[in-house]
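*Asks:* Take a look at the following structure, please.
There are 2 protein chains.
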Amino acid sequence: MESCTILPFSRSLSLFSPRSNGDEARPGSSLFKRCSSRPTRIGCQKMYVAGFGEASPEKKAANHLHKFFTYIAVRIVSAQLESYNREAYNELAEFLSRHSLNDGDKFCAELMRESSRHQALALRILEVRSAYCKQDFEWDNLKRVASKMMDEANTRLMREYVLDHVETESGK
Amino acid sequence: MESCTILPFSRSLSLFSPRSNGDEARPGSSLFKRCSSRPTRIGCQKMYVAGFGEASPEKKAANHLHKFFTYIAVRIVSAQLESYNREAYNELAEFLSRHSLNDGDKFCAELMRESSRHQALALRILEVRSAYCKQDFEWDNLKRVASKMMDEANTRLMREYVLDHVETESGK
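Protein sequence lines, in the order shown, are assigned to chains A and B. Residues in the first sequence are numbered consecutively from 1, following the working numbering. Residues in the second sequence are numbered consecutively from 173, following the working numbering.
Structure below.
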């Protein structure tokens, strides 16, 4: 996980599809029309995100978090089993070596059908991922961390560019 | 994006690393120790997620949302340009065809250094992704959608399993 470099959100990127949307908006700029011009979003002052069809960005993000929570639940259950039920721990490890966790729901469905012991593990994973999503995951913290990360990344990118630019200029 | 099947969160999965953590907890079960036994998390009633090291699950999720927001910002800016500045739109499209959006920060850094016109595009993308993260993205909705998705997925998985089981039994 730590070495992940692939971003699913940007997969199958089709920014330049034939359809045209002229109702995008950017706060603070009169250059851009606001999405309030869309009959379906009356009074909306938000930027229009093109190309998401029926699924909102929030739903896309929730879908990926859903998979993340399954991954987290598998980690939690696995660590629990490791300390008191090595047999089940090994069974889960063996199952994981044969099945991908990329699609959490598919993983759970397959785990349920492996054997009665695996079924019990699957039910626990379902229970844990639900509890984690609703009780343990710090949603407010997520927003705070994401906002901070955004500020830091933007500042760093601009600073690095300026430094590079100064070095290039001084090297001339 | 719609066809995404790869989950980054579960990449480099190393659930079964040699280290052992015996302080995992599950709400409502006396079988599991609570993470309050950890001196660093006194009074914590949350499930312990093993293997995350210094980075919390919230930080991991925020990191992926950060990339998602860059992707969203590129979509927004691209759609804006399409309606009033075809030249810049084509330049961005051409740049996108040569550079991956998997790492949003790297993409922006490279866009900044392409040319002065590309630099202006990059600065706009930085501005838009920050505004989107802080103003437009519906964080409360994200939590609501994720919780609903979790309930629906768990119910569906269990229902499908029961139906399969009934069919198998009746087929005997």
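Glycine is no exception: its CB is placed at the ideal position from the N, C-alpha and C atoms.
#1: So that I know if they touch, is there some Cβ in chain B lying closer than 8 Å to that of Arg26/A?
#2: Kindly indicate which residue of Val166/A, Met158/A, Tyr89/A, Ser100/A has the alpha-carbon position closest to the one of Thr70/A.
#3: Which term fits Val162/A, buried or exposed, when burial requires 16 or more other beta carbons within 10 angstroms of its beta carbon?
#4: Please state if the CB of Asn257/B and the CB of Ser130/A are separated by a distance shorter than 8 Å.
#5: At the level of alpha carbons, what is the spacing between Gln119/A and Lys232/B?
#6: For Leu335/B, would you say it is in contact with chain A, using Cβ-to-Cβ distances shorter than 8 Å as the test?
#7: Any beta-carbon of chain B closer than 8 Å to the one on Cys35/A?
#8: May I ask you to report which of helix, strand or coil DSSP gives Val246/B?
#9: State the Cα-Cα distance for the pair Arg331/B and Asp105/A, rounded to the nearest angstrom.
#10: May I ask you to list, following chain order, the residues of the stretch 138-155 of chain A that have a beta carbon less than 9 Å from some beta carbon of chain B?
#11: Can you pull out the residues from the stretch 258-275 of chain B whose beta carbon lies closer than 7 Å to at least one beta carbon of chain A?
#12: Would you decide whether Ala55/A is buried or exposed? Buried here means 16 or more other CB atoms lie within 10 Å of its CB.
#13: How about Arg159/A: is its C-beta nearer than 8 Å to some C-beta of chain B?
#14: By a C-beta neighbour count over all protein chains shown, 10 Å radius and 16 as the cutoff for buried, is Lys148/A buried or exposed?
#15: For Glu169/A and Arg285/B, I'd like the C-alpha separation in whole angstroms.
#16: When you compare only the Cα positions, how much space is there between His337/B and Ser116/A?
#17: Nearest CA to the CA of Glu87/A: which residue from Arg156/A, Asp136/A, Leu121/A, Ala109/A?
#18: So the alpha helix (DSSP H) Cys108/A belongs to, where does it begin and stop?
#19: Have a look at Arg316/B, Ala222/B, Arg270/B and flag the residue whose alpha-carbon is nearest the alpha-carbon of Leu81/A.
#20: To the nearest angstrom, how far is it from the Cα of Lys46/A to the Cα of Ala245/B?
#21: Using a 10 Å radius around the Cβ and a threshold of 16 neighbouring Cβ atoms, would you call Arg124/A buried or exposed?
#22: Here's a check: name, in chain order, each residue in its chain whose Cβ is nearer than 7 Å to the Cβ of Cys133/A, leaving out the five neighbours to either side.
#23: Output yes if chain B places a C-beta closer than 8 Å to the C-beta of Glu169/A; else output no.
#24: Thinking C-alpha only, which one of Arg328/B, Asp323/B, Leu314/B is nearest His64/A?
#25: For Lys239/B and Asp275/B, I'd like the C-alpha separation in whole angstroms.
#26: To the nearest angstrom, how far is it from the Cα of Ala109/A to the Cα of Val317/B?
#27: Checking contacts by CB at 8 Å: is Ile244/B closer than that to chain A?
#28: Would you say Glu58/A and Glu310/B are within 8 Å of each other, going by their C-beta atoms?
#29: In angstroms with no decimal places, state the Cα-to-Cα distance between Leu157/A and Glu299/B.
#30: What number of angstroms, rounded off, separates the C-alpha of Gly343/B from the C-alpha of Glu324/B?
#31: Hey, Tyr261/B and Ser250/B are a contact pair by Cβ (cut 8 Å); roughly how many whole angstroms apart?
#32: Any Cβ of chain A within less than 8 Å of the Cβ of His238/B?
#33: Just to confirm the assignment, what range does the alpha helix (DSSP H) spanning Asp164/A have?
#34: Can you grab the Cα-Cα spacing for the pair Met322/B / Asp140/A, in whole Å?
#35: Over what stretch of residues does the alpha helix (DSSP H) that includes Val300/B continue unbroken?
*Replies:* Checking against the coordinates, here is how it stands:
#1: Residue placement at Arg26/A cannot be trusted, given a pLDDT of 39 that sits under 50; the coordinates are not used to answer.
#2: Ser100/A
#3: exposed
#4: no
#5: 29 Å
#6: no
#7: Confidence in Cys35/A is poor, its pLDDT being 45 and thus under 50, which makes the residue's placement unreliable; the coordinate value appears in the next sentence. No, its Cβ sits nowhere closer than 8 Å to a Cβ of chain B.
#8: helix
#9: 13 Å
#10: Glu138, Trp139, Asp140, Asn141, Leu142, Lys143, Arg144, Val145, Ala146, Ser147, Lys148, Met149, Met150, Asp151, Ala153, Asn154
#11: Ala265, Leu268, Leu273, Asn274, Asp275
#12: exposed
#13: no
#14: exposed
#15: 14 Å
#16: 12 Å
#17: Leu121/A
#18: 104-112
#19: Ala222/B
#20: 12 Å
#21: buried
#22: Phe69
#23: no
#24: Leu314/B
#25: 6 Å
#26: 22 Å
#27: yes
#28: yes
#29: 12 Å
#30: 28 Å
#31: 6 Å
#32: yes
#33: 139-170
#34: 19 Å
#35: 288-303
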